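Position 82 of the sequence shown, counting from 1, maps to 82 under the UniProt record's numbering, and the rest follow consecutively.
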Amino acid sequence: MIKEETGTCIVWGGMHTTMVGGVENEPYVDIAVKGEGEAWVTGDAVTDMDAFQPDWSLIETKRYGLTIYLITSRGCVHRCGFCYNPVVWKGRWKAHSVDKVLEIVRTYP
Numbered sequence: 001m002i003k004e005e006t007g008t009c010i011v012w013g014g015m016h017t018t019m020v021g022g023v024e025n026e027p028y029v030d031i032a033v034k035g036e037g038e039a040w041v042t043g044d045a046v047t048d049m050d051a052f053q054p055d056w057s058l059i060e061t062k063r064y065g066l067t068i069y070l071i072t073s074r075g076c077v078h079r080c081g082f083c084y085n086p087v088v089w090k091g092r093w094k095a096h097s098v099d100k101v102l103e104i105v106r107t108y109p
């Protein structure tokens, strides 16, 4: 509906797109990004989590009050059978440093 009314390019990403086959064949999806989204944009997977700083100007932060959605790490070293992490991250884990997390929280408007 959004695509038809606005001509907007519909991009899907995240764990669902990564784990479920065939999403790229759905008629309402223009681009399906599997794995880390940054790798699709730059061609490289993220190696340094601390290189990222949220651009708060892109978000209407006043709508959310004191709530902040913050990813402090990606992946997991464990291989639990009920979890998506072993499939997606293959035992890898990477995280922001404590100092970077504090910096991100302090810069939140």
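We put the beta carbon where it would ideally sit given N, CA and C, even for glycine.
Being a predicted model, the structure only gives us computed values, none of them experimental.
> For the region 34-86, which segments carrying the alpha helix (DSSP H) assignment without a break, of at least 4 residues, lie completely within its bounds, in sequence order?
Replying inline: Taken in chain order, the complete alpha helix (DSSP H) segments of 4 or more residues contained in the region 34-86 are 37-42.
> Is it true that the region 88-95 meets the region 45-54, where meeting means three or more beta-carbon pairs spaced less than 8 Å apart?
Replying inline: Put simply, the region 88-95 touches the region 45-54. At least three CB pairs are less than 8 Å apart.
> Mapping DSSP to helix, strand and coil, what is ILE31?
Replying inline: Note: ILE31 maps to strand in three-state DSSP.
> Taking the C-alpha atoms as reference points, what is the distance between VAL11 and THR61?
Replying inline: A direct Cα-Cα distance of roughly 23 Å separates VAL11 from THR61.
> Roughly how many angstroms separate the alpha carbons of GLY7 and ASP30, rounded to a whole number?
Replying inline: Going by the C-alpha atoms only, they are around 11 Å apart.
> Are the region 18-25 and the region 72-92 touching by the rule of at least three beta carbon pairs closer than 8 Å?
Replying inline: Segments in contact, yes.
> What number of angstroms, rounded off, separates the C-alpha of PHE82 from the C-alpha of VAL23?
Replying inline: Taken atom to atom, the span from the alpha-carbon of PHE82 to that of VAL23 is near 22 Å.
> Based on Cα-Cα distance, which residue from GLY13, GLY14 and TYR28 lies nearest to GLU5?
Replying inline: It is TYR28.
>> DSSP three-state label for VAL20, please.
In response: Coil, per DSSP.
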